[in-house]
Amino acid sequence: MVRTLFLAILVFAAGPAAAADWYAVDASRVRIAVKHPAFAGQAPAVSVRIPDDIARTAQSDWLRLGSLAEPGPVFTATYQTEHRGFPPYTLAESFRHKMAFRAWTTIAVADGPTVRSDFGPVETMKVTIARDGVERQCGYWHWQESDNRSYFDGWYCPAVGQEVGDADIQRSVWAVRWRTQEARAP
Numbered sequence: 007m008v009r010t011l012f013l014a015i016l017v018f019a020a021g022p023a024a025a026a027d028w029y030a031v032d033a034s035r036v037r038i039a040v041k042h043p044a045f046a047g048q049a050p051a052v053s054v055r056i057p058d059d060i061a062r063t064a065q066s067d068w069l070r071l072g073s074l075a076e077p078g079p080v081f082t083a084t085y086q087t088e089h090r091g092f093p094p095y096t097l098a099e100s101f102r103h104k105m106a107f108r109a110w111t112t113i114a115v116a117d118g119p120t121v122r123s124d125f126g127p128v129e130t131m132k133v134t135i136a137r138d139g140v141e142r143q144c145g146y147w148h149w150q151e152s153d154n155r156s157y158f159d160g161w162y163c164p165a166v167g168q169e170v171g172d173a174d175i176q177r178s179v180w181a182v183r184w185r186t187q188e189a190r191a192p
């Protein structure tokens, strides 16, 4: 009886985390592409992850150009689907959950334009972040499907010392396309 109870506690403690482990798959499975004028001729770093679940409807596609730690421009986009649904994040909550920004101090936040996209209307904001005496401006965007099963977000930061404008944000959101389509001007 004690042994069965102990095993039941171990299984309960392990819970669904064992089933939610992610594994990388071939980059050819990525569903989105990016073609941004600030990165002409550069190929993004690509990560595609699929959880080991039965439904196989969950996937995370992540594209990145540049790095926040470097002074040049940075572009990141994520598209995710999940059969269980995502929590209904607001734009600000979505930004706070981004690991890339946790090492930075947020100095200022301002509303950005709502941008039309292939995903639907995308909320945006402008943020000024700082770390180790370096400040940079970024445009951040976020979209969730009405049933919370699809999620799209990303950010664009021009080179350190440059401002991010509404047109930069709009151009960045529109740079992300379904992989089968070409980027086009808004």
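Number 140 in the working numbering belongs to position 134 of the sequence shown; there are no gaps in the numbering. Glycine residues also receive a C-beta, built at the ideal position from the N, C-alpha and C atoms. Just so you know, these numbers come straight off a predicted model, no measurement behind them.
- Burial state of Val40 is buried, judged by a 10 Å Cβ sphere holding 16 or more other Cβ atoms.
- When Asp67, Val115, Thr63 and Pro57 are compared, the shortest CA-CA separation from Pro50 is found for Asp67.
- Look at Leu74 here: in three-state DSSP terms it is coil, with no helix or strand label.
- For Gln176, the three-state secondary structure derived from DSSP is helix.
- Three or more Cβ pairs drawn from the stretch 143-151 and the stretch 95-104 lie within less than 8 Å of each other, which places the two stretches in contact.
- DSSP, reduced to helix, strand and coil, places Arg155 outside both helices and strands of the structure shown, so it counts as coil.
- The stretch 105-116 and the stretch 167-182 do not touch, with fewer than 3 CB-CB distances between them shorter than 8 Å.
- For Arg137, the enclosing beta strand (DSSP E) stretches over residues Glu129 to Arg137.
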